[in-house]
Amino acid sequence: MSTMEKTTGICRVQRSKAQAQANYTRISPLYDLFGAFEEKYRIEGLQVLNAREGERILEVGFGTGHAILTLAKAVGEKGEVYGIDISEGMCSTTWHRIRKAGLTKRVKLRCGDAAQLPYKGNKFDALFMSFTLDLIDTPEIPMVLGECLRVLRKGGRICVVAMSKRGKSGFMTRLYEILHEMMPTFIDCRPIYAAQSLKDAGFLVTEHRDISIWGLGGEIVLAQKPK
182 MSTMEKTTGI
192 CRVQRSKAQA
202 QANYTRISPL
212 YDLFGAFEEK
222 YRIEGLQVLN
232 AREGERILEV
242 GFGTGHAILT
252 LAKAVGEKGE
262 VYGIDISEGM
272 CSTTWHRIRK
282 AGLTKRVKLR
292 CGDAAQLPYK
302 GNKFDALFMS
312 FTLDLIDTPE
322 IPMVLGECLR
332 VLRKGGRICV
342 VAMSKRGKSG
352 FMTRLYEILH
362 EMMPTFIDCR
372 PIYAAQSLKD
382 AGFLVTEHRD
392 ISIWGLGGEI
402 VLAQKPK
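If you use the numbering used here, the sequence shown corresponds to residues 182 to 408, in order.
Here it is in structure tokens:
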């Protein structure tokens with residue numbers, strides 16, 4: 182039976198969170214080799230977010246910590262960068278990277294679930310998610326974005342980089358979705374509607390870019406929590 186959602190056309194994520202945690206911990210030492218294609222779009226997303234000195238910023242799903250490192254440098258000595266990731270292996274890899282850069286005083290990492298962010302409301306000036314929202318199962322996307330809305334201060338901004346279902350689905354997108362259904366543990370991300378999901382969660386979209394990822398659609402979306 183197909184795992185495609187009848188109403189949205191978005192594939193479901195069939196692997197469990199426990200499987201995701203174990204899989205990403207297992208591949209964390211080599212993840213940069215597999216995830217190199219993300220770098221260009223992650224950098225563009227960080228430019229769109231435009232972290233500023235003195236800000237308090239959260240990254241959800243920080244992986245091996247490249248964006249965390251960039252954000253920590255951008256906020257300066259008076260700023261703070263927080264990160265949460267489901268994988269203990271990713272947490273360990275990222276902490277090693279931050280410690281090597283000498284930035285431990287301005288970075289705080291947690292291993293946890295994005296659907297239950299362990300932070301007080303209105304805490305952050307900005308939030309960054311790069312190829313994370315498209316890893317979250319369809320029914321949980323509103324929960325995760327609701328948590329993001331809660332922890333952002335009024336007027337705070339969020340930037341999401343994700344694979345996208347926007348526009349006409351081409352051959353590469355259809356092939357990718359077939360592979361996603363065949364190998365849900367290893368190909369667990371899939372195209373979603375990032376901008377629409379942010380709007381549905383109560384954010385105001387202020388910038389929206391369509392990108393192409395090896396023939397697959399993608400989105401970089403900047404949105405704001407209403408003041």
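By construction, the Cβ of each residue, glycine as well, lies at the ideal position given by its N, Cα and C atoms.
### Task
Count the other CB atoms, across all protein chains shown, that sit within 10 Å of the CB of alanine 423; report buried if there are 16 or more and exposed otherwise.
Limits of the chain in this structure are 182 at one end and 408 at the other, which puts residue 423 out of reach.
### Task
Per DSSP, which residues does glutamine 377 bridge with? Please list them.
BP columns for glutamine 377 are empty, so no partner.
#### Entry: proline 372 burial status per 10 Å Cβ neighbour count (16 or more: buried)
buried
### Task
With a 10 Å radius around its C-beta and 16 neighbouring C-beta atoms as the bar for buried, classify lysine 335 as buried or exposed.
exposed
### Message
Between glycine 226 and cysteine 340, how many whole angstroms is the CB-CB distance? I'm expecting something under 8 Å.
### Response
5 Å
### Query
From Met363, Tyr374 and Val332, pick the residue whose C-alpha is nearest to that of lysine 346; which is it?
Tyr374
### Message
For aspartate 294, tell me which candidate among Glu240, Val229 and Trp276 has the shortest Cα-Cα distance.
### Response
Glu240
#### Entry: Where leucine 397 falls: helix, strand or coil (DSSP)
strand
### Task
Go ahead and pull the three-state DSSP assignment for glutamine 405.
strand
### Query
Do three or more CB pairs link the stretch 381-393 to the stretch 201-217 at distances below 8 Å?
no
### Query
DSSP state of aspartate 294, grouped into three classes?
coil
### Task
Any chance you could list the beta strand (DSSP E) runs of at least 3 consecutive residues sitting entirely within the stretch 188-250, in chain order?
237-241
### Task
Please classify lysine 254: does DSSP put it in a helix, a strand, or coil?
helix
### Message
Taking the beta carbon of glycine 315 as the centre, do at least 16 other beta carbons fall within 10 Å, making it buried, or is it exposed?
### Response
Before going further, note that residue 315 is aspartate rather than glycine in the sequence given. Burial call: buried.
### Message
Checking 8 Å against the spacing of the C-beta atoms, do glycine 235 and lysine 259 come in under that value?
### Response
yes
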